[in-house]
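Undergrad: Counted the way my numbering counts, the sequence shown spans residues 11 to 493. Here a beta-carbon is modelled for each residue, glycine too, at the ideal position from N, C-alpha and C. The structure that follows is given in the form of C-alpha cells.
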Amino acid sequence: MLNSLKNQWTHKHALAFFYTSGAVLLVGMCIAIWMKEYFLAIIPVAGITALVFTIKPAWLYFIFIAILPFSMEFEFGSFGLDLPSEPILIGLSLLGTFWFISNPVETKKIIRHPVFITLLLHLIWVYCCILSSSNLVFSLKYALSKSWYIIGSMITTYWIINTRKKLINSLWILTITIAITVFIVNIEHGLEGFTFDAIGAACNPLYRNHVIYGVFMVMIFPFVFVLRPLTKKQSIQRLMIDLTIILLLTGIYFSYTRGAWLALPVMLGVWFCVRYRLLRFLYPLGIIAGIAFFGYLSQDYRYLDYAPNYESTIYHDELGDHLSATFEGKDMSTMERFHRWIAAFRLFSENPVMGIGPNTFVDQYKPYTSIDFETYISDNEERSTVHNYFIYVLAEQGLVGFLIIVCLVGIFFIYGEKKYHLLRNPLHRNLYLACILCGASFWLNNLFSDLLEANKLAPLWFFAIAWMIRIEQWDNKETANAE
C-alpha cells in the first residue's frame, strides 16, 4: 500500500494535495477562530503533517535523527516524555509496524537475524512479566515505551536506511547535530571554568545528566573516525571532522564521566579482540567472573566487610577528591550503587523466575536495602534505578529476563565478531566495526547505569543493530555479484 501511494505521488497529485491541504487548513483555522477554541487549529496541521510523512517516511526519519541530540526530557505528573523526539519516534514505530507487516520478503531477512530474534524475545518476556507485576500500569507503560523504541529506532532504521549513501548521510547528520550540542555545553561549562561541580548544570537541559552526555559522545566517536577517510584531504569536510574529533575529546574529558573515560581505552581493547577473534572467549569468561564475584561477596554476608562509614561517604565537588574517594570506597555514587544492588538481589531472591515486574524497582526496593551502605542520596528523589542494567533486569524480570539480556549482548558481540571477518568491502568492515565499538561503549556503561531505555543512547544502539544487518546484506550482495 505504501509503495502504491509513493508511485502515485506525481506532479498532478502533488498540486491537488497542495490545494486541498491549503483549503483544509483555512477552513480549520476559521472554525477554530469562530469557536474561540484556538487549539483546534492544530488538528488539521497535525493531520496533514501525518499524511505527508506517511507518504514520505524518510523525511520524518531524517528529522528524527537530526533532532535527537536536541531532545529534552519532560515530566507530566508520573508520565515522562522526551520532546520533541519521542512523539516522532512513536509515529515512526507505527509506520515501521505497518511496513514490517506488509513486506514479508524484507521481514524474513531481518527476522532471521540472531540479534533481532533475541531482542524480540526480550520484548516478549517484558510483556509476560507484566502479568506478575505489582504495578500493572507502570509495567505496561514501560513495555509500550520499549516497543516504540525498538520498532521506531531499529526496524524503521532498517527500512529507511536501505542504501549505503543513506547510512553515510545519517552519520553526517548525527555527527553535525551532536557536535552542535557538545559545543553549546562546552560554552556553558567554559563560562563556569570547566569545573567538576558545574558540569551537571552545563548539560541541562540538552542532557539529563553528565553521564548521558559523556556516553552519547563516546558512542558516536567511532563513526566520526569512519567518516574521516571518506572526505578529501584539505577539504571543508575533513576540517569539520578533525574539529569534531577535538571537540568530542574535549567534551568527553570535561564531562567528568568515569564510564565515558573508561570507554575510550575499552573500545581500543575491543578493536584488538575483534581483530584477533577473542570476544567469543572473553565474553563468557566475563560473565563467569561477574557471577563468581557477586557469589563471593554474598557468601556469609562478606559484602558487609566493604561497608563504608556513613559520615565519610560524601559527594566531592573537586575532581581529585572525587577520584580519590572512588578508589578508597568513600565515593557516594559508588556506595549508593552497592546500596541498590543489595536490594535488587534480595528482591530477586523473593521473585526468581519473573521478577517483581518491569518499572517497579524504585517503588519497592527501599525495604530491601542494607543500612550499612546507606548514603546521603539514599532517599532517591530523582527516582533512579539500580545502576547496573543486568542486575536491574534480574530484579524486575527474573532469571529468564536476565539470561535473555546476557544472550542478547553476547550474540551482538560474538556474532558481530564472526561476521566482521566475513566482510569483503573495507568500508563495510569499518562501518561494521564502528557499530560494534558503539555497542561496547554502551554496554560498558550499562554496568554502572541503566541505559537501555535512556533518551538519545538507546536509539543509537538500536541504529547500530539495524546498520549491522544492512551492512551484512550489502556485502553479501556485492560478493554474489562479483562471483
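In chain order, what residues of the same chain lie with their CB nearer than 7 Å to the CB of Ile255, ignoring the 5 residues before and after it?
TA: Taking the sequence shown and counting its residues from 1, one reaches residue 255 at position 245. The residues are Val234.
Undergrad: Ends of the alpha helix (DSSP H) at Val276?
TA: Within the sequence shown, the letter at position 266 stands for residue 276. Segment Arg268 to Arg285, the alpha helix (DSSP H) holding Val276.
Undergrad: Suppose you measure from the CA of Met82 to the CA of Leu216; what does that come to, to the nearest Å?
TA: Taking the sequence shown and counting its residues from 1, one reaches residue 82 at position 72. Taking the sequence shown and counting its residues from 1, one reaches residue 216 at position 206. Near 6 Å, if we compare the C-alpha coordinates of Leu216 and Met82.
Undergrad: What separation, rounded to the nearest whole angstrom, lies between the Cα atoms of Leu292 and Met478?
TA: The residue you call residue 292 lines up with position 282 of the sequence shown. The residue you call residue 478 lines up with position 468 of the sequence shown. The straight-line gap from Cα to Cα measures roughly 21 Å.
Undergrad: Less than 8 Å between the C-beta atoms of Val410 and Tyr402, yes or no?
TA: Within the sequence shown, numbered from 1, the residue matching residue 410 stands at position 400. Within the sequence shown, numbered from 1, the residue matching residue 402 stands at position 392. Against a cut-off of 8 Å, the Cβ pair of Tyr402 and Val410 comes out as no contact.
Undergrad: Which residues mark the beginning and the end of the alpha helix (DSSP H) in which Asp373 is found?
TA: The residue you call residue 373 lines up with position 363 of the sequence shown. Segment Phe371 to Gln374, the alpha helix (DSSP H) holding Asp373.
Undergrad: Which residues does DSSP list as the beta-bridge partners of Asp252?
TA: Here residue 252 refers to the residue found at position 242 when the sequence shown is read from its first residue. DSSP output for Asp252 lists no bridge partner at all.
Undergrad: So if DSSP puts Phe452 in a beta bridge, which residue, or which two residues, is it bridged to?
TA: The sequence position of residue 452 within the sequence shown is 442, counting from 1. Answer is none; Phe452 lacks a bridge partner.
Undergrad: What is the C-beta distance between Cys448 and Pro232, in whole angstroms, given that I count them as a contact (C-beta under 8 Å)?
TA: If you number the sequence shown from 1, residue 448 lands on position 438. If you number the sequence shown from 1, residue 232 lands on position 222. 6 Å between Cβ atoms; contact.
Undergrad: Are Tyr152 and Asn398 close, meaning C-beta to C-beta below 8 Å?
TA: Mapped onto the sequence shown, residue 152 falls at position 142. Mapped onto the sequence shown, residue 398 falls at position 388. No. Outside cutoff.
Undergrad: Using a 10 Å radius around the Cβ and a threshold of 16 neighbouring Cβ atoms, would you call Glu482 buried or exposed?
TA: The sequence position of residue 482 within the sequence shown is 472, counting from 1. Buried, since its Cβ has 16 or more Cβ neighbours within 10 Å.
Undergrad: Take the Cβ of Gly305 as the centre, count every other Cβ of all protein chains shown within 10 Å, and call the residue buried at 16 or more, exposed below.
TA: Along the sequence shown, one-based indexing puts residue 305 at 295. Exposed, by the Cβ-count rule.
Undergrad: Do the region 455 to 468 and the region 243 to 253 touch if we need at least three Cβ pairs shorter than 8 Å?
TA: Flag = no, the region 455 to 468 and the region 243 to 253 do not touch.
Undergrad: Secondary structure at Gly90, three-state DSSP: helix, strand or coil?
TA: Counting from one through the sequence shown, the residue named residue 90 turns up at place 80. The answer is strand: DSSP assigns Gly90 an E or B state.
Undergrad: Could you spell out the range, first to last residue, of the alpha helix (DSSP H) harbouring Met227?
TA: Working through the sequence shown from its first residue, we reach residue 227 at position 217. Note, Met227: alpha helix (DSSP H), His220 to Leu237.
Undergrad: Using the Cα positions of Ala302 and Gly106, report the straight-line distance between them to the nearest angstrom.
TA: Residue 302 sits at position 292 when you count from the first residue of the sequence shown. Residue 106 sits at position 96 when you count from the first residue of the sequence shown. Roughly 42 Å separates the two Cα atoms.
Undergrad: Given Leu329, which residues of its chain have a CB within under 8 Å of its CB, disregarding the five upstream and five downstream residues?
TA: Along the sequence shown, read from residue 1 onward, the residue named residue 329 stands at position 319. Reliability fails at Leu329, whose pLDDT of 49 lies under 50, so the model's placement of it is uncertain and the value that follows must be treated cautiously. Counting only Cβ-Cβ distances below 8 Å, and skipping sequence neighbours, we find Phe206 and Tyr266.
Undergrad: Report the option in Glu406, Pro239, Asn219 and Phe348 whose CA atom is closest to the CA atom of Lys466.
TA: In the sequence shown, residue 466 corresponds to position 456, counting from 1. Nearest of Glu406, Pro239, Asn219 and Phe348 to Lys466, Cα basis: Asn219.
Undergrad: State the Cα-Cα distance for the pair Leu249 and Ile161, rounded to the nearest angstrom.
TA: Mapped onto the sequence shown, residue 249 falls at position 239. Mapped onto the sequence shown, residue 161 falls at position 151. Answer to the nearest angstrom: the Cα atoms are 36 Å apart.
Undergrad: Any idea if Thr489 is buried or exposed, counting beta-carbon neighbours within 10 angstroms, 16 or more meaning buried?
TA: In the sequence shown, the residue the question calls residue 489 occupies position 479. Exposed, by the Cβ-count rule.
Undergrad: Residues in its own chain within less than 7 Å of Trp169 by CB, not counting five upstream and five downstream?
TA: Along the sequence shown, one-based indexing puts residue 169 at 159. So the list reads Gly106 and Trp109, once near-sequence residues are dropped.
Undergrad: What is the DSSP secondary structure of Phe303, counted as helix, strand or coil?
TA: Stepping through the sequence shown from its first residue, residue 303 is reached at position 293. The answer is helix: DSSP assigns Phe303 an H, G or I state.
Undergrad: Have a look at Val363 and Phe412 and give me their C-alpha separation to the nearest angstrom.
TA: Translated into the one-based positions of the sequence shown, residue 363 becomes position 353. Translated into the one-based positions of the sequence shown, residue 412 becomes position 402. In a straight line, the C-alpha of Val363 is about 10 Å away from that of Phe412.
Undergrad: Who are the near neighbours of Ala474 in its chain, counting only those whose CB is closer than 7 Å to its CB and skipping five residues on each side?
TA: Taking the sequence shown and counting its residues from 1, one reaches residue 474 at position 464. Excluding residues within five positions, the ones whose Cβ falls inside 7 Å are Cys445, Cys448 and Gly449.
Undergrad: Please determine, among Trp158, Ser142 and Leu295, the residue with the shortest C-alpha to C-alpha distance to Phe472.
TA: Your numbering for residue 472 matches position 462 in the sequence shown. For the residues Trp158, Ser142 and Leu295, the minimum Cα distance to Phe472 belongs to Trp158.
Undergrad: According to DSSP, is Tyr325 helix, strand or coil?
TA: Your numbering for residue 325 matches position 315 in the sequence shown. Because the pLDDT of Tyr325 is 46, which lies under 50, any placement of that residue in the model is unreliable, and the question is left without a value.
Undergrad: Compare the Cα-Cα distances from Gly365 to each of Glu346, Ala405, Pro67 and Ile352 and report the closest residue.
TA: Numbered from 1 along the sequence shown, position 355 holds the residue referred to as residue 365. Of Glu346, Ala405, Pro67 and Ile352, the residue nearest in Cα terms is Ala405.
Undergrad: So for Phe84, helix, strand or coil by DSSP?
TA: Here the question's residue 84 lines up with position 74 in the sequence shown. Note: Phe84 maps to strand in three-state DSSP.
Undergrad: Drop a sphere of 10 angstroms on the beta-carbon of Trp351, count the other beta-carbons inside from all chains shown, and report buried for 16 or more, exposed for fewer.
TA: Indexing the sequence shown from 1 puts residue 351 at position 341. With 16 or more Cβ atoms within 10 Å of its Cβ, Trp351 is classed as buried.
Undergrad: Can you name, in chain order, every residue of its own chain whose Cβ lies under 7 Å from the Cβ of Val284, other than the five neighbours on each side?
TA: As a first step, residue 284 is located in the sequence shown; it is residue number 274 there, counting from the start. So the qualifying residues of the chain are Glu427, Tyr430, Leu443 and Ile446.
Undergrad: Quick check on the burial criterion: 16 or more other C-beta atoms within 10 angstroms. Buried or exposed for Trp484?
TA: Reading the sequence shown from its first residue, position 474 is the one you call residue 484. By the neighbour-count rule (16 or more Cβ atoms within 10 Å), Trp484 is buried.
Undergrad: Measure the alpha-carbon distance for Phe348 versus Ile424 and round it to whole angstroms.
TA: As a first step, residue 348 is located in the sequence shown; it is residue number 338 there, counting from the start. As a first step, residue 424 is located in the sequence shown; it is residue number 414 there, counting from the start. When rounded, the distance between both Cα atoms is 30 Å.
Undergrad: Among the residues of its own chain, which have a CB less than 7 Å from the CB of Trp19, if the five just before and after it don't count?
TA: Walking along the sequence shown from the start, residue 19 turns up at place 9. In this predicted model, Trp19 has a pLDDT of only 42, less than 50, meaning its place in the structure is not dependable enough to derive any value.
Undergrad: Do the CB positions of Ile75 and Ile183 come within less than 8 Å of each other?
TA: For this step, residue 75 is matched to residue 65 along the sequence shown. For this step, residue 183 is matched to residue 173 along the sequence shown. Contact: yes.
Undergrad: Rank Thr191, Ser103 and Phe422 by C-alpha distance to the C-alpha of Thr128 and give the top, closest one.
TA: Within the sequence shown, numbered from 1, the residue matching residue 128 stands at position 118. For Thr128, the nearest C-alpha among the options comes from Phe422.
Undergrad: Could you round the C-beta distance between Leu454 and Ala273 to whole angstroms and report it? I think they count as a contact, below 8 Å.
TA: What you label residue 454 is simply residue 444 of the sequence shown in a count that begins at 1. What you label residue 273 is simply residue 263 of the sequence shown in a count that begins at 1. Confirmed, about 5 Å.
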